[in-house]
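The sequence shown begins at 1 in full-length UniProt numbering and counts up by one.
Even glycine gets a Cβ: it sits at the ideal position worked out from N, Cα and C.
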Amino acid sequence: MKTNLPRRQKGAAAIEFAVVFVVFFAVFYGMISYSLPLLLLQGFNQATAEGVRRGVAVDPNIPDYSKVLQDTAKDAARLNLNWIPSAFHFADDHVTASYVGGVLTVQVSYPSTLLKGVLPFMVLPGIGTVPNLPADLQARSSLQF
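Dropping the structure here:
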């Protein structure tokens, strides 16, 4: 049995496909472009928490306790970020540790402009840059001794 479509319905499938493809591509691109910064933030949070945890193990009776504590926490955080590929240009100075007033703070601050070589940014009319990221991706953990 053969059905004849009216002439005006001939291109409807192509138009529907184009609309559905644009929506699918936008959702897919959004998932991909935001997943990498979220993965980095999760890694930064884990690294700072691990740096603070390692700081707890430092003996407070050793000489130059403050410096050893900061170095231990910073090294532990850096060690947890070894998985980041070299294309991301992640440097050791993105990790800081401070011990002020009995509070150990470990922070990772990564400029999102360094992602431009790794992650494709797209400028959409009416929406702007996708993904729209803050100037710095940051994570911080602290513990009071």
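So, helix, strand or coil for A135, using DSSP? coil
Would DSSP call G30 helix, strand or coil? helix
When the Cα of L40 is compared with those of F25, G11, V118 and D59, which residue comes out closest? Of F25, G11, V118 and D59, the smallest CA-CA separation from L40 is found for V118.
By alpha-carbon positions, which one of E50, F24 and V22 ends up nearest to R140? Looking at the Cα atoms, E50 is the closest of the given residues.
Here's a check: name, in chain order, each residue in its chain whose Cβ is nearer than 8 Å to the Cβ of L114, leaving out the five neighbours to either side. F88, H89 and F90
8 Å contact criterion, which Y34 and P111 should meet: CB distance rounded: Contact doesn't hold; Cβ gap of about 17 Å is too wide.
Residues near V95 in its chain [Cβ-Cβ closer than 6 Å; skip 5 each side]: K74, A77, R78 and V108
What are the boundary residues of the alpha helix (DSSP H) that A91 is part of? Where A91 is concerned, there is no enclosing alpha helix (DSSP H), given that its DSSP letter is neither H nor E.
Run through the DSSP bridge pairs and tell me what T48 is partnered with. Per DSSP, none; premise fails for T48.
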